[in-house]
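Engineer: In the working numbering, the protein residues as written are 55 to 471. Cβ atoms here follow ideal geometry from the backbone N, Cα and C, with glycine treated the same way.
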């Protein structure tokens, strides 16, 4: 009898654990290892199915991400000085889990310059312009029960690009002017995001504040999507936590979502008293915790760093004012380049660069001239460095394709940063 009782308890625990995992919050799995790459630098059409799906291993060499095929070329300042061509990246992804209520996304932080993504030999999505990220819903294409999935990414960086807003290694009228080099490859991290079928969309929490003395009104806008095929009654809860993790305020909004709905849910005028201001010398960060709940279960959770501050040039001397006080800007601009790898920085290399910036006494930073790796902004917030992120058009082509791509990249840049 005792053995039978223990067996029942074990089954009950397994059942409860299965229920917990089926409603687990998002998972962010970094896919930085075990990639392979093959490149055609003569710009022929590398579309052979045998190459694409790696039936011939001799075509491929192993790499880890981030990776840039153009590791040096732009510095030569030659006509068409950057490395041009096409390449394929590939890896396998093993999954073995229940898929009830789950969605699977690939999040690419940067692929230059044109990306086409396949999952299990099916076209999953595309993106143009490598300096901003993109997310692809791969749920319809993946197999999850003891399955090995193939991910293949076609990357193109041709010469004479005419629909993207940056100079490409002497291909424009500014001959020989290449701004170092341009990224060619998967030069920033790739993530597998596993979420429930209602989730906060990428960069889906936008927050700002009205600050007056030691008090503030916090505003936010959260983008939520229902990926399921049924109506859902959800609760959006936002908490503001101070540096010690203590909840300062909490607001809840109820929403009815139809299948496929994507809602922007505003929350306005949340009163916050006795705030600690963010300054260069004391970069005090609160944390906005956004929760999606259904019937008491947490379906998704996202944490967003937030600093209360005011910035203006409205003083009588037109000085730069941070929280009403003049701050001397001792700033630096940096090109996201390094001989031997160009834009393909590891997280540790970025942390090292920021230590150099701090050691030299700089308190402000400008992306030169395109949006840098997102880790820069996260660390600047933490270290008290003012950040001027930039997306510029080194060249301008009067065409619909150029205008459409520039506007799309501009939108992505604003949402990300």
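Enumerated in chain order, which unbroken segments of the beta strand (DSSP E) with a length of 3 residues or greater are wholly contained in the segment 163-195?
Structural biologist: 168-173, 176-182 and 188-191
Engineer: What separation, rounded to the nearest whole angstrom, lies between the Cα atoms of residue 461 and residue 169?
Structural biologist: 18 Å
Engineer: In whole angstroms, what separates the C-alpha of residue 135 from that of residue 393?
Structural biologist: 15 Å
Engineer: Go through its chain and collect everything with a Cβ distance to residue 216's Cβ below 6 Å, but skip five positions before and after it.
Structural biologist: 451
Engineer: How would you call residue 382, buried or exposed, if buried means at least 16 neighbouring beta carbons within 10 angstroms?
Structural biologist: exposed
Engineer: Would you list the one or two residues that DSSP bridges to residue 25?
Structural biologist: Residue 25 lies beyond the range of the chain shown here (55 to 471); nothing can be said about it.
Engineer: Can you grab the Cα-Cα spacing for the pair residue 230 / residue 307, in whole Å?
Structural biologist: The predicted position of residue 230 is uncertain, since its pLDDT is 47 and thus under 50; no value can be drawn from it.
Engineer: Work out the CA separation of residue 173 and residue 61 for me, nearest whole Å.
Structural biologist: Residue placement at residue 61 is poorly supported in this model, since its pLDDT is 48, which falls under 50; the coordinates still yield a value, given next. Their backbone Cα atoms lie some 41 Å apart in a straight line.
Engineer: Roughly how many whole angstroms lie between the Cα atoms of residue 274 and residue 358?
Structural biologist: 11 Å
Engineer: Tell me, please, whether the segment 298-313 touches the segment 264-280 by the rule of three or more beta-carbon pairs shorter than 8 Å.
Structural biologist: yes
Engineer: Residue 391: which of 207, 208, 236 and 418 sits nearest, CA to CA?
Structural biologist: 236
Engineer: Here's a check: name, in chain order, each residue in its chain whose Cβ is nearer than 8 Å to the Cβ of residue 220, leaving out the five neighbours to either side.
Structural biologist: 185, 233, 236, 423, 424, 446, 447, 448 and 449
Engineer: Assuming residue 250 contacts residue 353 (C-beta within less than 8 Å), just tell me the rounded distance between them.
Structural biologist: 4 Å
Engineer: Give me whichever residues DSSP pairs with residue 89 in a beta bridge.
Structural biologist: 117
Engineer: In the DSSP assignment, what residue or residues form a beta bridge with residue 387?
Structural biologist: 420
Engineer: Mapping the DSSP letters down to three states, classify residue 263 as helix, strand or coil.
Structural biologist: Strand at residue 263.
Engineer: Straight-line CA distance for residue 81 to residue 356?
Structural biologist: 11 Å
Engineer: Can you name the start and end residues of the alpha helix (DSSP H) that residue 410 belongs to?
Structural biologist: 401-413
Engineer: Could you tell me whether the segment 282-291 touches the segment 365-381, where touching means 3 or more Cβ pairs closer than 8 Å?
Structural biologist: The answer is no - the segment 365-381 does not touch the segment 282-291, with fewer than three Cβ pairs under 8 Å.
Engineer: Under 8 Å: do the segment 407-417 and the segment 367-377 share three or more Cβ pairs, one atom per stretch?
Structural biologist: no
Engineer: Would you kindly work out how many angstroms separate the C-alpha atoms of residue 203 and residue 197, rounded to a whole number?
Structural biologist: 7 Å
Engineer: According to DSSP, simplified to helix, strand and coil, what is residue 98?
Structural biologist: Here residue 98 scores only 49 on pLDDT, less than 50, and its place in the model is too uncertain to base an answer on.
Engineer: For residue 209 versus residue 144, is the C-beta distance shorter than 9 Å?
Structural biologist: no
Engineer: Do the CB positions of residue 89 and residue 118 come within less than 9 Å of each other?
Structural biologist: yes
Engineer: May I ask which residues mark the beginning and end of the alpha helix (DSSP H) holding residue 455?
Structural biologist: 454-470
Engineer: Do you know offhand how far residue 508's Cα is from residue 385's?
Structural biologist: A question about residue 508 goes unanswered here, because the residues of the chain that appear run from 55 up to 471.
Engineer: Please name the residue in 225, 163 and 326 whose C-alpha comes closest to that of residue 121.
Structural biologist: 163
Engineer: For residue 430, report the span of its alpha helix (DSSP H) as first-last.
Structural biologist: 428-437
Engineer: To the nearest angstrom, how far is it from the Cα of residue 473 to the Cα of residue 303?
Structural biologist: No statement about residue 473 is possible, as the shown extent of the chain runs from 55 to 471 and does not include it.
Engineer: Which word fits residue 396, buried or exposed, when buried means at least 16 other C-beta atoms lie within 10 angstroms of its C-beta?
Structural biologist: buried
Engineer: DSSP on residue 211, reduced to helix/strand/coil?
Structural biologist: Of the three classes helix, strand and coil, the one that applies to residue 211 here is strand, per DSSP.
Engineer: Based on Cα-Cα distance, which residue from 466, 459, 345 and 351 lies nearest to residue 428?
Structural biologist: Of 466, 459, 345 and 351, the residue nearest in Cα terms is 466.
Engineer: Which first and last residues belong to the beta strand (DSSP E) in which residue 441 is found?
Structural biologist: 440-442
Engineer: So, for residue 463: in the same chain, excluding its five sequence neighbours on each side, which residues have a beta-carbon less than 6 Å away from its beta-carbon?
Structural biologist: 183 and 186
Engineer: Less than 9 Å between the beta carbons of residue 441 and residue 435, yes or no?
Structural biologist: yes
Engineer: Is residue 127 helix, strand or coil by DSSP?
Structural biologist: helix
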